[in-house]
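In what follows, a structure is listed as structure tokens, so that the remarks can point back to it.
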Amino acid sequence: DAKTTQPNSMESNEEEPVHLPCNHSTISGTDYIHWYRQLPSQGPEYVIHGLTSNVNNRMASLAIAEDRKSSTLILHRATLRDAAVYYCILRDSWGYGQNFVFGPGTRLSVLP
Amino acid sequence: DTAVSQTPKYLVTQMGNDKSIKCEQNLGHDTMYWYKQDSKKFLKIMFSYNNKELIINETVPNRFSPKSPDKAHLNLHINSLELGDSAVYFCASSHDGLAGGYNEQFFGPGTRLTVL
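As given, the protein sequences belong to chains A and B, one line each in that order.
The first sequence begins at 2 in the numbering used here and counts up one residue at a time.
The second sequence begins at 1158 in the numbering used here and counts up one residue at a time.
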């Protein structure tokens, strides 16, 4: 699986936008970019995913660079509940039971 | 209804014992997983089952044996527990199929295993 690199930690003020970067320079053409987050004492939860185009859902937006070697998860208005570890993961679109390779992620702190 | 459930939530046991963790999903998914999250918080895949067949078996001691009685259940049995097995174990499921790698995984709440 192609690897991703993320900053270890980031800080944001409540109700401000947050941009969480992810580099994946060895991404292949069939790799989807997934974002998950893990709140304290909980299992990871899905945030968003995309292939080439930018994506929006109720939780966040995903901006994918034109060369696909990097992406940014955007939380439009951070809340205290968004404090979590955010994981950027690549997963091939083909093959049964493809596993997710979780890196250390980015620990996001949200200040009131 | 809980999508992916695990039992027990906490498990404290002595070294050398045998224990099982159960996982059930009611999402109709065809693929289930076990992950281990150690004290450093790294989340690592252990096993993956697709339609009750083992697909992924990472480098895990053979003391760990997954069992999938049906598509909705994937249990993890651990023999001769060691101190290093202490971790949080997460079950997950997804609907994969041959071209479903883009599908999201749903995780259970985790089982915190403490080996004394």
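Glycine residues also receive a C-beta, built at the ideal position from the N, C-alpha and C atoms.
What you are looking at is a predicted structure, and each value in this text was computed from that prediction instead of being measured.
Residue 63/A has its alpha-carbon roughly 5 Å from the corresponding atom of residue 55/A. The beta carbon of residue 47/A falls within 8 Å of a beta carbon belonging to chain B, placing the residue at that interface. Within chain B, the residues whose beta carbon sits less than 7 Å from that of residue 44/A are 1247, 1264, 1265, 1266 and 1267, listed in sequence order.
Comparing alpha-carbon positions, the option among 1163/B, 1273/B, 1181/B and 1177/B lying closest to residue 1239/B turns out to be 1273/B.
DSSP places residue 1241/B within a helical segment (H, G or I) once states are collapsed to three.
At least one CB of chain A lies nearer than 8 Å to the CB of residue 1200/B. The beta-bridge partner set that DSSP reports for residue 1163/B consists of 1180/B.
Contacts between residue 105/A and chain B, judged by CB atoms closer than 9 Å, involve 1197, 1198 and 1199 in chain order. Distance between residue 102/A and residue 35/A, taken at the CA atoms: about 11 Å. The C-alpha of residue 1160/B lies about 34 Å from the C-alpha of residue 66/A. The C-alpha of residue 1222/B lies about 39 Å from the C-alpha of residue 53/A. Comparing C-alpha distances from residue 68/A to each of 30/A, 78/A, 17/A and 12/A shows the shortest one belongs to 30/A. Taking all protein chains in view, the Cβ of residue 4/A is surrounded by fewer than 16 other Cβ atoms within 10 Å, so the residue is classified as exposed. By the Cβ criterion, the stretch 1199 to 1219 of chain B is not in contact with the stretch 1162 to 1169 of chain B, since fewer than three pairs of Cβ atoms, one from each stretch, lie closer than 8 Å.
Under a 10 Å Cβ-count criterion, residue 44/A is classified as buried, with 16 or more other Cβ atoms of the shown protein chains found around its own Cβ. Counting every other CB atom within 10 Å of its CB across the protein chains shown gives residue 1260/B a total of 16 or more, marking it as buried. Contact between the stretch 81 to 92 of chain A and the stretch 1231 to 1250 of chain B is absent: fewer than three C-beta pairs spanning the two stretches fall below 8 Å. In terms of Cα proximity to residue 1230/B, the closest of 1248/B, 1175/B and 1199/B is 1248/B.
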